[in-house]
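All letters in the sequence shown, in the order written, are residues -27 to -1, 1 to 662 by mature numbering (1 follows the signal peptide of the UniProt record, and there is no 0). All C-beta atoms in this analysis are idealised placements derived from N, C-alpha and C, irrespective of residue type, glycine included. Computed from a predicted structure; not experimentally measured.
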Amino acid sequence: MKNKATIKISPALLALTLCLMKESAFSKNQSTTEAQFNWGNLTDLNTVEFNSFNSKNDLLTSINYKNRAESFASVPFSEKNILDSLKNTSTKAGNTIASTTKSGVQNKIVTVNFTAINKANNESVLADFIITSERTGEIFKGSTSSKNTFFSIQLSQQDNLKVSVKADGFSDGNSMISIKDFINTNHHEFAIPLVFERYPLSIKVLDADTKESIKNAQVKVVDLNASEIKNASKKPNSDGYSANLKLSSKYEFIINAEDYIELKEKVLKAPQGNSVNFMLYKNSLPVHFEVIDAETEKPIKAFINVKLEHLKRNIVFKNEVKASVRVSSQEIFTVETAAEHYITKQSTFNMADFNPTKKYVYTIRLERNLHHLTIKTKNKLNGEPIIADKIELVNLSNKANQPKIEKQKNGDILISLIPEDKYHLEINTNGFEKYQQEFVKLKQAELDCFLTPKQKIKGLVLSAIDSTSGKILPATFKITGNKTKKAFTVNTSNDVTEYHLALTEKDNYQIESFAKDYELKVEQVQYASSKKAVFYTVLLKRKPAVNSSKSVATVDVPKTKAPIESSKVKDFVQIEHGQSITLDNVYFEQSSFILQSVSYEELDKMVELLKNAPQVKIEISGHTDNIGDTRLNFALSENRARVVFNYFVSKGINENRLHYKGYGSNKPLLPNNSEENKKKNRRVELTVL
């Protein structure tokens, strides 16, 4: 149902009402009320009928209705004039100015005064202002002066201002100011603090020897931040110079004067007292230096420190191949040259033959800072020294720079290495296996290389291991021949884990084995062949712990042998010559060749298999990942292979069917690019020979 209201009003008030309704009721923001009315003839119309008029949305209060109506008394009658008059109508109360928006809300007009001050002392600063209204986009520009230190603008109370201030000698000031909710006042002041940007620098150019001012010098000022070059100003009636510098910048001064050395000096902050003296040296000639490798004669980047003795001055060059300085007559100068991996060198020169027509060029040759290493070759079986027949050492990092090898009378080898380079060492000696090793950044002065005798060497090779853990033990062996009745007492140690007893005839020997905290063991061994070495490993059993309060007897309970079910073990005798399998479940202590007891089950399976296939010969090979020193990895892999070899021999497998070798990280199964792959690369393999 539609509501109707009939109102009698004068033509002027009617026009006002219609304009307001056109401006407000039909606005896009008017969403709650719709009004329908007929314009008719304004000159004759005395009443207006409104349909669906919502009393809650009256366009004007009774007071504002009256004030707005009166404001049209002197306005020519037209819709445009009425609207223009409506927009310009305002009420004044004291100094307060109010404007009416389309929605009928009055906005307060305020006067805002801006001034700029020196942040250091709060004194006024003459400045230029650019103020932008965020609400309207209007831009206000103005300046302050000595007579008027404020720049004033009028704007709506609800607004945000972007204020930009510039003043000579100060950093630009920028602020965001919100103008809102001011109460009881119409004038507001904002002081924009500015930071003083420049400082005056007083400059004097002096002779370094006489300390007198140098006239007609040229002083260039290089702004390192802005890459600008300017000349310093000559002070009137003075030998000094001046420059106006920024506090935030860093500067380099380039000073030249006739017959003087050019000076370049940096000023990174304002000096004390805002003054600086520059000293120039005269009567000089250019002297050039070049640094090269003494052996290759290639250029080297070096640290060069030139010390001028008379002037007591240092000139430093960093990471340079060549350097030049100007040196005065009769000057004595010392050049200290240093480069990474080279021996530091000091060279002294003089200018006694000071000649302007001569070109002074000095070449400084640096020698490598070499690491001197002594290589000792030893028999792996007994630790005795041997003299190597042939030694080759190759620089893998720089094949053009091969080291020199010197053989000493006692068989040692002396070499000089470049510490940061990588080398490959190979030793060949008659009767021994070829020895190979790679190393880099060695720190020790001596390197022991243990060579493995070839099988044709005659004798008995003895070693001892813990019967439970497989750990190699230092032990003492007493060997007595049954025929000759000759007795030999020999020892192994933590460093030399095997002893080679040279034998020349067949015999049966009694071996008594001793080790600390282990039970004595007496065994018989037959040396049936006088043409090869027999490797014999003694398994020693640890003495039982003694309980002072009660003696306890220990009884060994034999373990039930696990069935041979591993598919690898089953198929091993069927694989072709040269093929390999990896032993599963064979574990060692971390970074050690001590066999863990959990490995015995897997090894025992292989022992049973080898006993059932006496025709099979195998190589036991040890492998590591690529972590750590290459030399240590080779040794670790070989020792692990040897422990497995000794285990098989101790279980009754003839050593003639076995061969062991360590490959280090040279034969990975997978790339060493993940922890999982590295774990698989750490293994012991069996290869059919």
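Secondary structure note for alanine 506: its beta strand (DSSP E) is the uninterrupted segment 506 to 513.
The straight-line gap separating the alpha-carbon atoms of isoleucine 227 and lysine 203 is approximately 10 Å. For phenylalanine 124, the pairing in a beta bridge is given by DSSP as Phe87. In the DSSP assignment, lysine 651 falls within the unbroken alpha helix (DSSP H) covering 648 to 654.
Sequence-distant Cβ neighbours of serine 222 in its own chain, meaning closer than 6 Å and more than five residues away, are Asp196, Asn198. If you draw a straight line from the Cα of leucine 387 to the Cα of lysine 351, it is about 15 Å long.
Residue environment: histidine 261 is assigned as exposed (fewer than 16 neighbouring CB atoms within 10 Å of its CB, all protein chains considered). For asparagine 278, the enclosing beta strand (DSSP E) starts and ends at 275 to 281.
Looking at the DSSP output, threonine 350 shares a beta bridge with Cys422.
According to the DSSP assignment, leucine 556 belongs to no beta strand (DSSP E), since it is labelled neither H nor E. Check the Cα spacing between leucine 258 and each of Tyr482, Leu179, Glu304, Gln319: the tightest is with Glu304. Nearest Cα to arginine 615 within the set Lys291, Glu393, Lys114, Lys444: Lys444. The C-alpha of alanine 312 is placed about 32 Å away from the C-alpha of phenylalanine 251. Taking arginine 604 as the centre and dropping the five residues before and after it, the same chain places the C-beta of Gln410, Phe412 closer than 6 Å to its C-beta, in chain order. Out of Leu424, Lys451, Cys422, the CA that lies nearest to the CA of serine 436 is found in Lys451.
In the three-state DSSP reduction, aspartate 577 falls in the helix class (H, G or I). Judged by DSSP secondary structure, alanine 312 falls outside any beta strand (DSSP E); it is assigned neither H nor E.
Assignment of beta-bridge partners to histidine 550 by DSSP yields no partner.
Lysine 377 counts as exposed, since fewer than 16 other beta carbons sit within 10 angstroms of its beta carbon. Per DSSP, alanine 501 is not a residue of any alpha helix (DSSP H), being assigned neither H nor E.
For lysine 223, the secondary structure class from DSSP, reduced to helix, strand or coil, is coil.
Contact check for isoleucine 288 against threonine 310 fails: the beta carbons are separated by 8 Å or more.
Look at lysine 242 here: in three-state DSSP terms it is coil, with no helix or strand label. Residue pairing by DSSP places tyrosine 472 opposite Leu435 in a beta bridge. In the structure shown, leucine 218 adopts extended strand secondary structure according to DSSP, grouped into three states.
Sixteen is the threshold: when 16 or more other Cβ atoms of the shown chains lie within 10 Å of the Cβ of asparagine 619, as they do, the residue is buried. The C-beta distance from asparagine 86 to serine 125 rounds to 5 Å, short enough to meet the 8 Å contact threshold. For tyrosine 408, the enclosing beta strand (DSSP E) has its first and last residue at 408 to 413. Taking C-beta atoms under 8 Å as the contact rule, glycine 356 and aspartate 468 qualify, at a distance of about 7 Å. Within the same chain, Asn133 come within 6 Å of serine 151 by CB-CB distance, once the 5 residues on both sides are set aside. Alanine 361 has its alpha-carbon roughly 31 Å from the corresponding atom of valine 511. Pairing glutamate 575 with asparagine 558 gives a Cβ-Cβ distance under 8 Å.
Looking only at Thr321, Val300, Leu354, His344, the smallest Cα-Cα distance to asparagine 328 is reached by Val300. In this structure, DSSP gives alanine 614 a helical state, which the three-state scheme calls helix. The continuous stretches of beta strand (DSSP E) do not include proline 641, and DSSP gives it neither H nor E.
Between arginine 341 and lysine 274, the alpha-carbon positions lie close to 13 Å from each other.
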